[in-house]
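For the sequence shown, the positions run -24 to -1, 1 to 274 when mature numbering (1 follows the signal peptide of the UniProt record, and there is no 0) is used.
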Amino acid sequence: MGTLMLYFIVVVHVWTVLFNTCNAARLGPASAKFSAILVFGDSTVDTGNNDYIDTVVRANFLPYGQDYPDGPTGRFSNGKLVPDMLASLLKIKEAVPAFLDPKLSDQEIITGVCFASAGSGFDNQTNAVTKIIPVFKQIDLFRKYIARLEGIVGEEKARQIISGSLVIISAGTNDVAILKDEDSEYQHFLLDRTQTFVKELYDLGCRTMIISGLPPVGCLPIQMAIARRNSSELRCLDDRNSYAQSHNQKLAKMLQQIQQMLSGSKIVYLDMYKTLIEMIDQPQKYGKQQAIDTSANI
């Protein structure tokens, strides 16, 4: 399935979640405005930070960026990512820049940036070999961002911008993808790390956060390719997908509890699994004959 179509469908799903969240809070669409957009996570939302660090995990070459106006930008996509599309849809900005870009302007700082790093996870061990920016290290970048923002607009205005920002968190897939088996204790570890991360962002002033659940991990190309050693065709791995679903159920419940604990917060769980598995199982619904080429070489 084309990347553009995939991201478009995901953005529509996220937009629906946001709209329903605002209605639940008795806010009309006109008042559902965000001062900025702040992004944390992995390759699903990294808009180019890895281009500015010493890592081989980069997307600064074709075919990445082939549909982006300026060519490859470090995004692991042929064009824009979901945060870019959301920022445009919410009329914040046309694209979300990488915080590590040395040419970042003051205006870009004011309207939000991306701290995500492709290959990262909540577990620091996930990031040990690739030398990317672990999710928790991204908070250190956020602190530097706050300091620069305060230098531009002052402390009080900076607090208002951060509290009025939309925060997107998309991580955990890399942690689960490298597991050798389905470990329930590891789920608890990841959930604890996620909770700590959300609380740290809250303590730094963030109030509205969208946290994405795991995708169908068993349908990742690398997962299917490894399992293919004993099979003639590529197939999604049911055990891995079941593990992701179990994790997501616990995550959704935990985020509801965290919201009750953190006064003034709006913490939304984004069910990406349901959206993506439907696209895989029913590709005809989205104008494709098949989502996975079962005879492809990977």
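Each residue gets a CB set at the ideal place from its N, CA and C atoms; glycine is no exception.
Assigned secondary structure, serine 146 (DSSP; H/G/I helix, E/B strand, else coil): Three-state DSSP puts serine 146 in a strand.
Boundaries of the alpha helix (DSSP H) in which threonine 251 is found, first to last residue: For threonine 251, the uninterrupted alpha helix (DSSP H) run begins and ends at 248 to 257, by DSSP.
Euclidean distance between Cα positions of glycine 186 and isoleucine 234: Glycine is not the amino acid found at residue 186; the sequence shown has isoleucine there. Separation of isoleucine 186 and isoleucine 234 (C-alpha to C-alpha, rounded to the nearest whole angstrom) is 13 Å.
Isoleucine 68 to leucine 62 span [Cα, whole Å]: Straight-line Cα distance between these residues: approximately 9 Å.
Test item: CB-CB of valine 15 and valine 72 under 8 Å: The Cβ atoms of valine 15 and valine 72 lie closer than 8 Å to each other.
Stretch-stretch touch, CB-based, cutoff 8 Å, three pairs: the region 127 to 145 with the region 47 to 56: In this structure the region 127 to 145 does not touch the region 47 to 56; the number of beta carbon pairs closer than 8 Å is below three.
Close Cβ partners of serine 160 (< 7 Å) along its chain, the five nearest in sequence each way excluded: Excluding positions up to five away in sequence, the list is empty.
Residues of its chain near arginine 183, where Cβ-Cβ distance is below 7 Å and the 5 sequence neighbours each way are ignored: Hits under 7 Å: Ser139, Gly240, Ser241 and Lys242.
Selected residue, minimal CA-CA separation from asparagine 217, among Ile198, Leu231, Leu210 and Leu190: Comparing C-alpha distances from asparagine 217 to each of Ile198, Leu231, Leu210 and Leu190 shows the shortest one belongs to Leu190.
Beta-carbon contacts of alanine 203 that lie in its chain and below 6 Å, excluding the five residues immediately before and after: Leu213.
Simplified DSSP assignment, three categories, for cysteine 182: The answer is coil: DSSP assigns cysteine 182 none of H, G, I, E or B.
Collapsed DSSP secondary structure at isoleucine 154 in the structure displayed: In this structure, isoleucine 154 counts as coil in the three-state DSSP scheme.
Contacting residues, own chain, Cβ-Cβ under 8 Å from proline 78 (five flanking each side not counted): So the list reads Tyr28, once near-sequence residues are dropped.
Straight-line gap, threonine 149 to leucine 180 (C-alpha atoms, nearest Å): As the crow flies, the alpha-carbon of threonine 149 is around 25 Å from that of leucine 180.
DSSP beta-bridge partners of valine 244: BP columns for valine 244 point to Ile186.
Start and end residues, beta strand (DSSP E) containing glycine 17: Note, glycine 17: beta strand (DSSP E), 13 to 17.
Distance between isoleucine 122 and residue 279 (C-alpha atoms, nearest Å): In the structure as shown, the chain starts at -24 and stops at 274, and residue 279 therefore has no counterpart that could be examined.
Under the three-state DSSP convention, the category cysteine 90 falls into: In the displayed model, cysteine 90 falls within a strand according to three-state DSSP.
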